[in-house]
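Structure, as structure tokens:
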Amino acid sequence: MDSADNSAREPRYLASTVDQALKILVVGAFGVGKTTLVGSVSEIDPLRTEETITQASSGVDDLSGVAEKTSTTVAMDFGRITLNSRMVLYLFGAPGQRRFWDLWEGLVIGAIGLLVLVDTRRIEESFDILDQLDLRGLPFAVAVNCFPDSVRYEDADLRDALDLLPETPLVHLDARSHESSTRALLALVEYAARLKAQEKVA
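Heads up: the sequence shown is residues 4 to 205, going by this note's numbering.
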């Protein structure tokens, strides 16, 4: 899924009023749109570490459903979005292939939570990703990236298939859209804030 045209984007400095910086890790299986999402919401030119997919990855990276994909993230994507006059999000997109999962250990440090992108055309590829999150104990939200040829499922069916807790946020987005991607990030921020407040009360 291609990102929106960001040719008009200009580097911006943080406003002097910003006093809260939050880190979010964007994860998901290979080809679900992580790089596209970071690029669509970032107010600065995103940092990308992509390499061209070559014949060497044949049989290693499953291109079923993403045959048009020509490159893949091998380290991380990085972007930034200012949510309001006081809060900024730093976004780190993690590579989805299993052989890169060791990189998550460093990328997740300091994160308030994780946004998990899911492609319903290949939903079974999200199972191992979600298992990895259970081991890390951080809040996460699930965002279904709606590709043009995606089958639409009821939220209850998706929650059942992904074995999500009732309180886990589940949202739908188009990773190319700044607005819908931002809403997904806000859902995660609000969820993480609620959990933190509950911990303080307890």
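Where is the CB? At the ideal position from N, CA and C, for every residue including glycine.
From a predicted model like this one, the values you see are computed outputs, not experimental measurements.
- A Cβ-Cβ contact shorter than 8 Å links G96 with K37.
- By the neighbour-count definition (other C-beta atoms within 10 Å, threshold 16), V111 is a buried residue.
- In its chain, beyond the 5 residues on either side, I115, G116 and P142 have a beta carbon closer than 7 Å to the beta carbon of A195.
- Taking C-beta atoms as the reference points, V145 and L189 fail to come closer than 8 Å.
- About 6 Å separates the beta carbons of S153 and R124, which is inside the 8 Å limit, making them a contact pair.
- In the structure shown, R124 falls within a helical segment according to DSSP collapsed to helix, strand and coil.
- Look at G109 here: in three-state DSSP terms it is helix.
- Counting along the chain, the unbroken alpha helix (DSSP H) around G42 starts and ends at K37 to V44.
- For T20, the three-state secondary structure derived from DSSP is coil.
- F130 sits exposed, since fewer than 16 C-beta atoms from the chains shown fall within 10 Å of its C-beta.
- As computed with DSSP, L25 is found in a beta bridge with L92.
- In the structure shown, R197 falls within a helical segment according to DSSP collapsed to helix, strand and coil.
- Checking the DSSP bridge columns, you'll see A144 partnered with L118.
- Under the three-state reduction of DSSP, V154 is assigned to coil, being neither helix nor strand.
- Following the DSSP letters along the chain, one finds L173 inside the beta strand (DSSP E) bounded by residues L173 to L176.
- With respect to V29, V121 sits apart: the two C-beta atoms are not nearer than 8 Å.
- Under DSSP, V30 forms a beta bridge with V119.
- In the three-state reduction of the DSSP assignment, L50 falls in the strand class, which pools E and B.
- Each of Q135, D80, K26 and V91 was checked against the Cα of Y16, and the nearest Cα belongs to V91.
- The alpha-carbon of L133 is positioned some 23 Å away from that of E202.
- The three-state secondary structure of R83, taken from DSSP, is strand.
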